[in-house]
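This note's numbering numbers the first residue of the first sequence as 112 and each following residue consecutively. A quick write-up on the structure given underneath.
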Amino acid sequence: MLPDQPFDLSATLQSGQTFHWHAWEGGWLGSIGDDPVWVRQTAGGLEIIPQGMEEKVRGYFALDHDVVAMMRSFPAGDVPLATALAFCPGLRILRQPLWECLATFITSSLKQVPHIRKISLTLRERFGVELPTVMEGAPKLYGYPTPQALAEAGEGALWECGLGYRAAFLHRAAVDLAAGRVDAAMLAGQSDDEARATLMQLHGVGEKIANCVLLFACERLAAFPIDVWIERVLHQLYFARKRRRTAEQIRKFAARHFGPYAGYAQQFLFHHARLTKLRPGASDASRGPAGQLLRPAP
DNA sequence: TTTCAGGTGATTG
DNA sequence: CAATCACCTGAA
112 MLPDQPFDLS ATLQSGQTFH WHAWEGGWLG SIGDDPVWVR QTAGGLEIIP QGMEEKVRGY
172 FALDHDVVAM MRSFPAGDVP LATALAFCPG LRILRQPLWE CLATFITSSL KQVPHIRKIS
232 LTLRERFGVE LPTVMEGAPK LYGYPTPQAL AEAGEGALWE CGLGYRAAFL HRAAVDLAAG
292 RVDAAMLAGQ SDDEARATLM QLHGVGEKIA NCVLLFACER LAAFPIDVWI ERVLHQLYFA
352 RKRRRTAEQI RKFAARHFGP YAGYAQQFLF HHARLTKLRP GASDASRGPA GQLLRPAP
């Protein structure tokens, strides 16, 4: 199984799209929907356990995405983007199950990655189904709990998973999805703007989370989630020395400048920034054109 | 002990 | 519209 385009399994799984995979035996153990799987990247391609998961792995990791075509579609003179892309061309935008992605990002607000991961794993363990073992001695895996399971569990039980005020958001969303107010088929028939509006009808889902879901679960590759990090990156790289832009201005800039694969551009920029400029002790080579280290606002 | 973190919704000018 | 604020929790 050999992708014909650049692919970096580890980087993709650590790029803030999904939070439930375990590093295990030189590869990654996790689940695609309710199918447990272990994947290791080697020089020759991907090693997958168990057999029979090849197509699901291809779909989940979007190995059919044409990264080369995306590169060509990006603005030719955009040096920061070209730099970020060259830093890790193997990043992929995953095709995640809708509810799993939606629910996970609802629990992500004002949380750091380890917290999001912890909450996600706790919810799985308490309310999800245990999945079959694919590797001896490995951590137990659980599917993401269904909307019905979380709706029935009740807000109080969710609160006890350390969600805080997010428990109410997640519970209401679970109830709404269990009632069929939003589903993948409905979103599939809608334009990006319509689908975004549909998602934002859910309590606790604002523009940022809606865009994450569109991008990471609905294959809307033009969706451009703007969180505090990407906002800083854009300011540093594209709006240097200019006054602060509104979210609306940033959104319009991203759509116009990056085009139909804006979501991928966002992912490349985000990943590059997190692993270089935003880290303490980052080298000069990783600094932006302005020559300043990017830091969180004081 | 205080601050802050991968947002959202409600409330003000 | 845009700015401001509260909000659970956990880690630095």
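Each residue gets a CB set at the ideal place from its N, CA and C atoms; glycine is no exception. Quantities reported herein were computed from a predicted structural model and do not represent experimental measurements.
Helix, strand or coil at residue i [DSSP, three-state]
i	result
Y372	helix
S397	Residue confidence is low: S397 scores 36 on pLDDT, short of 50, so the model does not pin down where it sits. Its coordinate-derived value is still stated next. Reduced to three states, the DSSP call for S397 is helix.
L221	coil
Q403	Confidence is the limiting factor: at Q403 the pLDDT is only 29, short of 50, which leaves the residue's position unreliable, though a coordinate-based value still follows. Three-state DSSP puts Q403 in coil, outside helix and strand.
R307	helix
E158	strand
W135	strand
I143	strand
T123	helix
V316	coil
R354	coil
T129	coil
T153	strand
Residue from the options with nearest C-alpha to residue i
i	options	result
A180	A373, E211 and F381	A373
D119	Q162, L205 and I361	L205
T357	G370, R343 and L242	R343
W132	A249, R307, G273 and Q360	A249
L313	L202, L281 and A193	L281
A415	T218, H226 and A187	There is simply no residue 415 to check, as the chain begins at 112 and stops at 409 in what is shown.
Y255	L209, L298, M297 and M246	L209
S126	S220, L202, H346 and A351	L202
C323	D177, F216 and A134	F216
G138	Q128, G273, A122 and D145	A122
Cβ-Cβ separation, residue j to residue i (assumed contact under 8 Å), whole Å
i	j	result
A321	L310	4 Å
L213	A295	No, L213 and A295 are not in contact; Cβ-Cβ is about 10 Å, not under 8 Å.
F130	S231	5 Å
A195	H383	4 Å
P336	Q377	7 Å
L307	L325	Reading off the sequence, residue 307 comes out as Arg, not Leu. Between L325 and R307 the Cβ distance is about 6 Å, and since that is below 8 Å, they are a contact.
C-beta contact flag for residue i and residue j at 8 Å
i	j	result
L157	V148	no
G317	A284	no
E266	Y253	no
K319	D303	no
L140	M246	yes
Q116	V190	no
L261	L274	no
I159	E165	yes
As an exercise, report each continuous alpha helix (DSSP H) stretch of at least 4 residues that is fully enclosed by the region 230-299, in chain order. 258-264, 266-269, 277-289 and 295-299
At 4 residues or longer, and completely inside the region 177-201: list those alpha helix (DSSP H) runs for me, N to C. 178-184 and 190-198
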